[in-house]
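Okay, structure first, notes after.
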Amino acid sequence: MTFKSWLATSSVRFYPNSPVETRKRLRLDAALNERVSFQVLLRHDGLAPRQFTVTATGPDGWDIRVRRVGYIPVRHLNTHPAPIPPEDIEGADQIPGYVPDPLFEEQTILLPGSETHAFWISVRPGPNAKPGAGNITIQATPDSGRSHKLQAEVTLHPITLQPRRDF
């Protein structure tokens, strides 16, 4: 059984039939106190479901959280009354179908064959973080076979975001 794994930003949604991509490294920029997120995608070419576990490690003091992205069934695509060009409707070729939405506190998945599934990685630098690059290593491990390692680099810039007010 072979499987594919890749990284993506948090601004792209992946569906069960999303094709494989090839990004093994990802670079993100953040303020010293900013939270950032990205995704790890898995897909295998076997027929039977296989179990996979995703873990992530990073610099000391950084909070790194791994959650499985779940899917919800969407029966139809709601459209806005105003005319919208088809290329601007996200998911138009996927709905009706399963749409990524909830995040589950799970690092393991029973991955169906020929389907793409995601894990959401949330990163919060520690209170003593310094400007510069922090490397995050993500490991995707099947129940049998070799693991894949992927790398995300978060560059912290010497600025801080003001706390929210009246939120």
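Using the working numbering, the letters of the sequence shown correspond one by one to residues 398 to 564. Glycine is no exception: its CB is placed at the ideal position from the N, C-alpha and C atoms. None of the values given here were measured: they were computed from a predicted structure.
> Hey, would you say histidine 545 sits closer than 8 Å to valine 466, going by beta carbons?
Replying inline: Here residue 545 corresponds to residue number 148 of the sequence shown, with the count starting at 1. Here residue 466 corresponds to residue number 69 of the sequence shown, with the count starting at 1. Going by C-beta atoms, histidine 545 is not nearer than 8 Å to valine 466.
> Exposed or buried, which one is isoleucine 556 when buried takes at least 16 other CB atoms within 10 Å?
Replying inline: In the sequence shown, residue 556 corresponds to position 159, counting from 1. Answer is exposed; the Cβ neighbour count stays below 16.
>> Within a Cβ cutoff of 8 Å, which residues of the same chain sit near serine 434, ignoring the five residues on either side of it in sequence?
In response: As a working note, residue 434 is residue 37 in the sequence shown. Cβ within range, chain order: Ser407, Trp517, Ile518, Ser519, Val520.
> In this structure, what does DSSP give as the bridge partners for proline 497?
Replying inline: If you number the sequence shown from 1, residue 497 lands on position 100. DSSP links proline 497 through a beta bridge to Tyr468.
> Distance, Cα to Cα, proline 509 vs arginine 562?
Replying inline: Position 112 of the sequence shown, counting from 1, holds the residue named residue 509. Position 165 of the sequence shown, counting from 1, holds the residue named residue 562. Taking the straight line joining both Cα atoms gives about 44 Å.
>> Please state the DSSP three-state secondary structure of glutamate 503.
In response: Within the sequence shown, the letter at position 106 stands for residue 503. Coil, per DSSP.
>> When you compare the CB positions of glycine 523 and glycine 458, do they come within less than 8 Å of one another, or not?
In response: Numbered from 1 along the sequence shown, position 126 holds the residue referred to as residue 523. Numbered from 1 along the sequence shown, position 61 holds the residue referred to as residue 458. Going by beta carbons, glycine 523 and glycine 458 fall inside the 8 Å limit.
> For the candidate residues Phe400, Ala428, Leu444, whose alpha-carbon lies nearest to that of leucine 558?
Replying inline: Within the sequence shown, residue 558 is the residue found at index 161, counting from 1. The candidate whose alpha carbon is nearest that of leucine 558 is Ala428.
> In chain order, what residues of the same chain lie with their CB nearer than 6 Å to the CB of leucine 396, ignoring the 5 residues before and after it?
Replying inline: Missing from the structure shown is residue 396; the chain here goes from 398 to 564 and no further.
> Span of the beta strand (DSSP E) holding glycine 529?
Replying inline: Counting from 1 along the sequence shown, the entry for residue 529 is found at position 132. Counting along the chain, the unbroken beta strand (DSSP E) around glycine 529 starts and ends at 529 to 539.
> Which residue or residues does DSSP assign as beta-bridge partners of valine 551?
Replying inline: Translated into the one-based positions of the sequence shown, residue 551 becomes position 154. Residue pairing of valine 551 in beta bridges, as defined by DSSP: Leu425, Gly531.
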